[in-house]
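Structure, as structure tokens:
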Amino acid sequence: MGIRVLKGGMLTTVQDLGRTGYQSQGFGVSGVMDVRSFKIANLLLDNPENEAVLEFTLMGPILEFTSETIIAITGGDFQPAVNGEPVSMYTALYMNKGDILEFKGCRTGSRGYIAFSSYLDVPVVMGSRSTNIKCQIGGFKGRRLMDGDFLGFRIRRRYLPYFLSRKLDLDEFDQEEVSLRVVMGPQDDMFTKQGIKTFLSEEYTVTSEFDRMGCRLEGPFIAYKKYADIISDGIALGSIQVPSHGKPIILLADRQTTGGYAKIGTVVSVDIPKLVQRRTDQKIRFTAVSVEEAQDLMLEETRELAGFRKQIHQPCKEVLECRLVAKRISRLFQ
Numbered sequence: 058m059g060i061r062v063l064k065g066g067m068l069t070t071v072q073d074l075g076r077t078g079y080q081s082q083g084f085g086v087s088g089v090m091d092v093r094s095f096k097i098a099n100l101l102l103d104n105p106e107n108e109a110v111l112e113f114t115l116m117g118p119i120l121e122f123t124s125e126t127i128i129a130i131t132g133g134d135f136q137p138a139v140n141g142e143p144v145s146m147y148t149a150l151y152m153n154k155g156d157i158l159e160f161k162g163c164r165t166g167s168r169g170y171i172a173f174s175s176y177l178d179v180p181v182v183m184g185s186r187s188t189n190i191k192c193q194i195g196g197f198k199g200r201r202l203m204d205g206d207f208l209g210f211r212i213r214r215r216y217l218p219y220f221l222s223r224k225l226d227l228d229e230f231d232q233e234e235v236s237l238r239v240v241m242g243p244q245d246d247m248f249t250k251q252g253i254k255t256f257l258s259e260e261y262t263v264t265s266e267f268d269r270m271g272c273r274l275e276g277p278f279i280a281y282k283k284y285a286d287i288i289s290d291g292i293a294l295g296s297i298q299v300p301s302h303g304k305p306i307i308l309l310a311d312r313q314t315t316g317g318y319a320k321i322g323t324v325v326s327v328d329i330p331k332l333v334q335r336r337t338d339q340k341i342r343f344t345a346v347s348v349e350e351a352q353d354l355m356l357e358e359t360r361e362l363a364g365f366r367k368q369i370h371q372p373c374k375e376v377l378e379c380r381l382v383a384k385r386i387s388r389l390f391q
């Protein structure tokens, strides 16, 4: 009862929201890169918010299902197909025993997510099922999925109410340029006024040095007052380090736990999905916001996700029309 990996894709791993509380001991958080897509995938299936999913990058896996289950695919548009027939993203999909799921290519975005109603059967390590490849812990044997692997399911869950309503019309990553909102600091005082102006007004380009650890950008030089080094301190998700070469590096899910370069700002959490779905040579700009504005953005997204949940828990238009027709027919025979 589970899935057989026919092709592992470029980088497919088991991830959840991450392994928190262990950075002081040198263990990174890991977890999904795009938290928004992750939450929507689980929401579509009424899964627990932190239920583990498969995350894949640039090239999706090919999976064979050995039992019935329901899945949801979110993130970038990888043009999924079941048994060769195209299927929809952001939709609950019933998978039969023997069905084969594959992906044709990455039309938009760069990362995709697959949630399962039957829950992946991988061990919890230090409070998380996330894969930490560097430490070789969590997920499936602490590594990416490879051809021939088999992942089991923990439960049998093949029914969801309001099944036809479990779809969302979303295509969020088809944009050539995005603006990332940042909270300035904690070491923004180490940069010149011109350096700050450059950071907030110029355009930067995503380079090929972009992985789960971080994203290196190419663009105008960000000037320091004196030097780039600091006494190493903790690294938060979305921290923007600027080494001596003056080009920003945004640190992501598999970031190191501490760092010794000044951090000019931190990308607000709700905008990190925009960044991690970028591809090489795409453009980025930065806009400064306050901590209070960042908190308001988080609350706004929380309300939006609650709206999605309410939407999928209502009968769809087709069901309502069928009910109306049934009522009219019943009246004819009264």
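Residues in the sequence shown are numbered consecutively from 58, following the numbering used here.
Idealized CB from N, CA, C, for every residue including glycine.
Bear in mind the structure is a predicted one, so any value in this text is a computation, not a measurement.
Close Cβ partners of glutamine 371 (< 8 Å) along its chain, the five nearest in sequence each way excluded: As a working note, residue 371 is residue 314 in the sequence shown. Taken in chain order, the residues that qualify are Tyr219 and Ser222.
*Every unbroken beta strand (DSSP E) inside the stretch 311-346 [3 residues or more]*: Entirely contained in the stretch 311-346, the beta strand (DSSP E) runs reaching 3 residues are, in chain order, 315-318, 320-324 and 340-345.
(request) Would you give the residue range spanned by the beta strand (DSSP E) that threonine 262 belongs to? (result) Here the question's residue 262 lines up with position 205 in the sequence shown. It spans 261-267 - the beta strand (DSSP E) in which threonine 262 sits, taken as one unbroken run.
| query | Which residue or residues does DSSP assign as beta-bridge partners of methionine 241? | reply | Stepping through the sequence shown from its first residue, residue 241 is reached at position 184. Answer by DSSP bridge pairing, in chain order: Gly322.
So, at 6 Å on beta carbons, what are the nonlocal neighbours of glycine 165 in its own chain, with the 5 sequence-adjacent residues on each side left out? Indexing the sequence shown from 1 puts residue 165 at position 108. Per the sequence shown, the amino acid found at residue 165 is threonine instead of glycine. Gly133, Asp134, Phe230 and Asp231, listed in sequence order.
With a CB to CB cut of under 6 Å and the five nearest residues on each side skipped, what residues in its chain are close to valine 346?
Along the sequence shown, read from residue 1 onward, the residue named residue 346 stands at position 289. Result list for valine 346: Arg238, in chain order.
Does the distance from the CB of leucine 74 to the CB of tyrosine 147 come in under 7 Å? What you label residue 74 is simply residue 17 of the sequence shown in a count that begins at 1. What you label residue 147 is simply residue 90 of the sequence shown in a count that begins at 1. By the CB criterion at 7 Å, leucine 74 and tyrosine 147 fall outside the cutoff.
Helix, strand or coil: how does DSSP classify arginine 61 here? Position 4 of the sequence shown, counted from the first residue, corresponds to residue 61. Looking at arginine 61 - three-state DSSP - the assignment turns out to be strand.
With distance defined between alpha-carbon atoms, name the residue in Val263, Ala138, Asp311 and Asp206 nearest to arginine 342.
Stepping through the sequence shown from its first residue, residue 342 is reached at position 285. Checked all of Val263, Ala138, Asp311 and Asp206; the closest Cα to arginine 342 is Val263.
field: Three-state class that DSSP yields for glutamate 234 in the structure shown
entry: Working through the sequence shown from its first residue, we reach residue 234 at position 177. DSSP places glutamate 234 in strand when its eight states are reduced to three.
Task: Residues near glycine 199 by beta carbon distance below 6 Å, same chain, minus five either side - done: Walking along the sequence shown from the start, residue 199 turns up at place 142. Counting only Cβ-Cβ distances below 6 Å, and skipping sequence neighbours, we find Gln193.
TODO: Determine the DSSP secondary structure at arginine 76, reduced to helix, strand or coil.
DONE: As a position in the sequence shown, residue 76 is number 19, starting the count at 1. Note: arginine 76 maps to coil in three-state DSSP.
Valine 110, DSSP secondary structure in three states: On the sequence shown, position 53 is the one that residue 110 refers to. Strand at valine 110.
TODO: Classify leucine 101 as helix, strand or coil using the three-state DSSP reduction.
DONE: The residue given as residue 101 occupies position 44 in the sequence shown. In this structure, leucine 101 counts as helix in the three-state DSSP scheme.
Report task. Just confirm the distance between the C-beta atoms of alanine 293 and tyrosine 318, as a whole number of angstroms; I'd bet it's less than 8 Å. Result -> Looking up residue 293 in the sequence shown gives position 236. Looking up residue 318 in the sequence shown gives position 261. Taking a contact as a CB-CB distance under 8 Å, the pair alanine 293 and tyrosine 318 does not count as one, their CB atoms being some 14 Å apart.
The stretch 108-126 in contact with the stretch 195-214 per 3-pair CB rule at 8 Å:
yes
Helix or strand or just coil, what does DSSP make of alanine 172? Numbered from 1 along the sequence shown, position 115 holds the residue referred to as residue 172. Residue state, collapsed to three classes: strand.
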